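Those letters in the sequence shown? Residues 186 to 427, by this note's numbering.
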Amino acid sequence: MKFEDMINTIIIGDSYKLIKDIPDNSIDCIYTDIPYLSTFSGGGSLKNKLGNYIKEEVEEFSNGIDYKILKDFIRVMKKINCFIWCSKSQILDIMNFFAKYEPDINILTWTKTNPIPFGSSIWLSDIEYCLHFYKGASYNIGWKYKKKNFTSPINNKDKEKYLHPTIKPIQCVKNHLLNMTKEKDVILDPFSGSGTTCVAAKELNRKFIGIEINPEYYKISLDRLNGILANGQISFDTDIKI
Ligand SMILES: C[S@@+](CC[C@H](N)C(=O)[O-])C[C@H]1O[C@@H](n2cnc3c(N)ncnc32)[C@H](O)[C@@H]1O
Numbered sequence: 186m187k188f189e190d191m192i193n194t195i196i197i198g199d200s201y202k203l204i205k206d207i208p209d210n211s212i213d214c215i216y217t218d219i220p221y222l223s224t225f226s227g228g229g230s231l232k233n234k235l236g237n238y239i240k241e242e243v244e245e246f247s248n249g250i251d252y253k254i255l256k257d258f259i260r261v262m263k264k265i266n267c268f269i270w271c272s273k274s275q276i277l278d279i280m281n282f283f284a285k286y287e288p289d290i291n292i293l294t295w296t297k298t299n300p301i302p303f304g305s306s307i308w309l310s311d312i313e314y315c316l317h318f319y320k321g322a323s324y325n326i327g328w329k330y331k332k333k334n335f336t337s338p339i340n341n342k343d344k345e346k347y348l349h350p351t352i353k354p355i356q357c358v359k360n361h362l363l364n365m366t367k368e369k370d371v372i373l374d375p376f377s378g379s380g381t382t383c384v385a386a387k388e389l390n391r392k393f394i395g396i397e398i399n400p401e402y403y404k405i406s407l408d409r410l411n412g413i414l415a416n417g418q419i420s421f422d423t424d425i426k427i
């Protein structure tokens with residue numbers, strides 16, 4: 186596929202293959218939320234029953250990623266500017282990969298004010314992690330977009346609207362993009378799900394490329410770009426602020 190045809194759209198397919206069509210040094214920022222590596226276990230305790238319930242919800246993307254795609258991330262970026270939402274168990278491998286390029290590294294977080302309590306777990310699962318790797322000068326933008334933590338309740342309304350179990354809060358994504366990209370920059374999300382990154386980029390006048398392998402999420406994300414909810418109704422979002 187030609188690079189020009191990828192701009193400002195979401196492509197259905199396998200990002201491991203499609204990323205090969207993206208030229209070297211052509212992307213200003215990768216912003217992605219990779220399939221998580223789940224650490225759920227089976228069994229009969231309340232904790233494990235809850236664990237299995239959640240596992241079923243996210244089964245198809247709880248097997249992690251093949252880290253070889255990270256080499257392509259480095260290849261396609263003009264300079265390192267890469268956000269990766271991931272599970273706790275993936276942090277070490279991803280950090281190890283990027284460390285050799287000596288970027289600035291930060292762990293950004295989304296803190297949920299109403300996490301689901303898991304029986305006898307030691308800690309609540311109230312934090313999600315987004316790694317940011319960066320090499321270069323920062324943009325001079327207002328302090329409110331520079332916060333490393335975003336706090337909000339679990340976004341159940343978004344899940345209902347776009348039928349994706351791991352949808353990220355769009356305001357959080359926008360804050361990150363406002364801080365680390367400028368208008369007309371090209372943002373790539375190779376695991377685009379319900380299209381949160383692409384919608385955020387579009388609303389902020391950035392260019393975007395999304396890749397999603399699941400036909401259902403692909404359709405939902407294309408509709409979402411056009412302001413249509415998963416149930417076919419038009420979206421009248423008024424709670425999204427820049
Ligand atoms: C964690 S979800 C992304 C959710 C997204 N951030 C959102 O807000 O909706 C990861 C997505 O990657 C997709 N995926 C998994 N393997 C893929 C592959 N090889 N190529 C493209 N997409 C893939 C899954 O179908 C899933 O929708």
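All C-beta atoms in this analysis are idealised placements derived from N, C-alpha and C, irrespective of residue type, glycine included. Because the structure is a prediction, the values reported are computed rather than measured.
Whose CA, out of the options, lies closest to the CA of residue i?
| i | options | result |
| --- | --- | --- |
| Ile269 | Lys253, Leu293, Glu287 | Leu293 |
| Lys202 | Val384, Asp213, Tyr221, Leu255 | Leu255 |
| Lys333 | Cys214, Ile195, Pro288, Ile312 | Ile312 |
| Tyr324 | Glu368, Asp257, Lys404 | Glu368 |
| Phe335 | Asp343, Ile197, Thr298 | Thr298 |
| Leu389 | Asn193, Lys344, Met280 | Asn193 |
| Gly378 | Glu189, Thr217, Gly249 | Thr217 |
| Asn291 | Gly412, Cys271, Pro302, Tyr319 | Tyr319 |
| Tyr314 | Asp278, Gly304, Asp343, Ser272 | Ser272 |
| Tyr221 | Ile204, Lys331, Tyr252, Ile196 | Tyr252 |
| Trp145 | Asn360, Ala386, Arg409, Phe393 | Here the chain comprises residues numbered 186 to 427, so residue 145 is not present and cannot be evaluated. |
| Phe259 | Gly249, Asn248, Phe282, Leu277 | A small fix is needed here, since residue 259 is Ile in this sequence, not Phe. For the residues Gly249, Asn248, Phe282, Leu277, the minimum Cα distance to Ile259 belongs to Phe282. |
| Leu410 | Ile196, Glu189, Ser306, Lys187 | Ile196 |
| Ile249 | Asp278, Gly417, Asp257, Gly321 | For the sequence presented, residue 249 should be read as Gly rather than Ile. Answer by Cα proximity: Asp278. |
| Pro300 | Asn341, Pro288, Ile265 | Asn341 |
| Met365 | Pro338, Ala322, Asp206, Glu397 | Ala322 |
| Ile215 | Met191, Lys263, Phe188 | Lys263 |
Helix or strand or just coil, what does DSSP make of residue i?
| i | result |
| --- | --- |
| Gly229 | Its pLDDT being 41, under 50, Gly229 is placed unreliably by the model, and nothing is read from it. |
| Glu388 | helix |
| Ile259 | helix |
| Glu397 | strand |
| Asn281 | helix |
| Asn341 | helix |
| Asp190 | helix |
| Thr381 | helix |
| Lys331 | coil |
| Lys297 | strand |
| Tyr216 | strand |
| Ile307 | coil |
| Leu235 | Caution is warranted here: a pLDDT of 45 is assigned to Leu235, below 50, making its placement in the model unreliable, and the coordinate value is therefore given only provisionally. Here Leu235 sits in helix by DSSP. |
| Asp209 | coil |
| Ile352 | coil |
| Glu244 | Since pLDDT at Glu244 reaches only 48, below the 50 mark, its modelled position is unreliable, and no value is offered. |
Cβ of residue i within 7 angstroms of any heavy atom in ligand 1?
| i | result |
| --- | --- |
| Thr366 | no |
| Ser200 | yes |
| Thr194 | no |
| Asn341 | no |
| Tyr314 | no |
| Asp408 | no |
| Pro288 | no |
| Gly378 | yes |
| Asp218 | yes |
| Lys353 | yes |
| Thr294 | no |
| Pro375 | yes |
| Asn399 | yes |
| His349 | yes |
| Ile396 | yes |
Taking the continuous beta strand (DSSP E) assigned at residue i, which residues delimit it?
| i | result |
| --- | --- |
| Tyr402 | No beta strand (DSSP E) contains Tyr402, which is instead part of the alpha helix (DSSP H) from 400–410. |
| His317 | 312–319 |
| Asn334 | 334–337 |
| Ile269 | 266–271 |
Mind checking which residues open and close the alpha helix (DSSP H) that includes residue i?
| i | result |
| --- | --- |
| Asn364 | 355–365 |
| Phe376 | Where Phe376 is concerned, there is no enclosing alpha helix (DSSP H), given that its DSSP letter is neither H nor E. |
| Lys202 | 200–203 |
Any 3 or more C-beta pairs closer than 8 angstroms across the region 341–353 and the region 399–413: yes
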